[in-house]
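*Asks:* Let me give you the structure first, and then I'll get to my questions.
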Amino acid sequence: MLGDNKKINEIKNAPVNGCMNIGERVLFKGNVLNAISVNIDGSFEGKIETSHFILGKEGFFKGDITANTANIKGTIDGTITVKDKLSISGEASIKGSVIYKSISISDKAKIEGTLKIYKGSDNIIIKDDPILATENTKSAKTRVEPKKVAM
30 MLGDNKKINE IKNAPVNGCM NIGERVLFKG NVLNAISVNI DGSFEGKIET
80 SHFILGKEGF FKGDITANTA NIKGTIDGTI TVKDKLSISG EASIKGSVIY
130 KSISISDKAK IEGTLKIYKG SDNIIIKDDP ILATENTKSA KTRVEPKKVA
180 M
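Be aware that the sequence shown starts at 30, since it is given in this note's numbering, and climbs by one per residue.
Spelled out as structure tokens, the structure:
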């Protein structure tokens, strides 16, 4: 009805900040940086830096991954650096470089390339600071200034 204040289209499930999901039959080309979690069931070409990385059984990744933890069930063509725990399960297939601190590999998984132990100590840190900060000036006007975030 006219004049009714009800929302017709409501968002039932709001997205979680810092999380990215690539669904089946979706191809994404580009870079994802400073993510909390990335879950790929489709195809991804590019670079990912995240705390948690999951590649589903039908997922395909081509490029470079840096993560604190990772669970691989699909196919990777590139370099994966995992600064803590890496799980390669099911019939996963990796072609390229695998750098890890701790690893578990399924007896059905295939790795063609190099395995190296990660010797660094720094984890990926997700910044909670906003990109823009609001400051009050002496003239009582409010302005928005870019905030420098160290990466």
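The C-beta atom is built at its ideal place from N, Cα and C for all residues, glycine as well.
Just so you know, these numbers come straight off a predicted model, no measurement behind them.
7 angstroms is my cut-off, CB to CB: does Lys114 come that close to chain D?
*Replies:* No chain D appears in the structure shown, which is made up of a single protein chain.
*Asks:* Rounded to the nearest angstrom, what separates Phe57 and Lys86 at their Cα positions?
*Replies:* Here residue 57 refers to the residue found at position 28 when the sequence shown is read from its first residue. Here residue 86 refers to the residue found at position 57 when the sequence shown is read from its first residue. Each residue's alpha carbon lies about 17 angstroms from the other.
*Asks:* Got a sec, what are the start and stop residues for the beta strand (DSSP E) Tyr147 sits in?
*Replies:* Position 118 of the sequence shown, counting from 1, holds the residue named residue 147. Looking at the DSSP string, Tyr147 is not in any beta strand (DSSP E), and its letter there is neither H nor E.
*Asks:* How would you write the range of the beta strand (DSSP E) that Ala99 sits in, first residue to last?
*Replies:* Along the sequence shown, read from residue 1 onward, the residue named residue 99 stands at position 70. Residues 89-101.
*Asks:* Taking Asn68 as part of the beta strand (DSSP E), name the residues at either end of that continuous run.
*Replies:* Here the question's residue 68 lines up with position 39 in the sequence shown. Start and end: 56-69.
*Asks:* Please name the residue or residues paired with Asn126 in a DSSP beta bridge.
*Replies:* Residue numbering aside, residue 126 sits at position 97 when the sequence shown is read from its first letter. First, the residue type needs correcting, since residue 126 is Ser and not Asn in the sequence shown. Partner(s): Thr108, Thr143.
*Asks:* Under a Cβ-count criterion, where at least 16 other Cβ atoms within 10 Å of its own Cβ denotes burial, should Asp136 be classed as buried or exposed?
*Replies:* Stepping through the sequence shown from its first residue, residue 136 is reached at position 107. Answer is exposed; the Cβ neighbour count stays below 16.
*Asks:* In the DSSP output, which residue or residues are listed as bridge partners for Ser131?
*Replies:* Stepping through the sequence shown from its first residue, residue 131 is reached at position 102. Answer is Lys114.
*Asks:* At which residues does the beta strand (DSSP E) containing Glu74 begin and terminate?
*Replies:* Within the sequence shown, numbered from 1, the residue matching residue 74 stands at position 45. Looking at the DSSP string, the run of the beta strand (DSSP E) that includes Glu74 is 72-84.
*Asks:* For Ile117, does the count of other Cβ atoms within 10 angstroms reach 16, so buried, or fall short, so exposed?
*Replies:* Reading the sequence shown from its first residue, position 88 is the one you call residue 117. Its Cβ being crowded by 16 or more others within 10 Å, Ile117 is buried.
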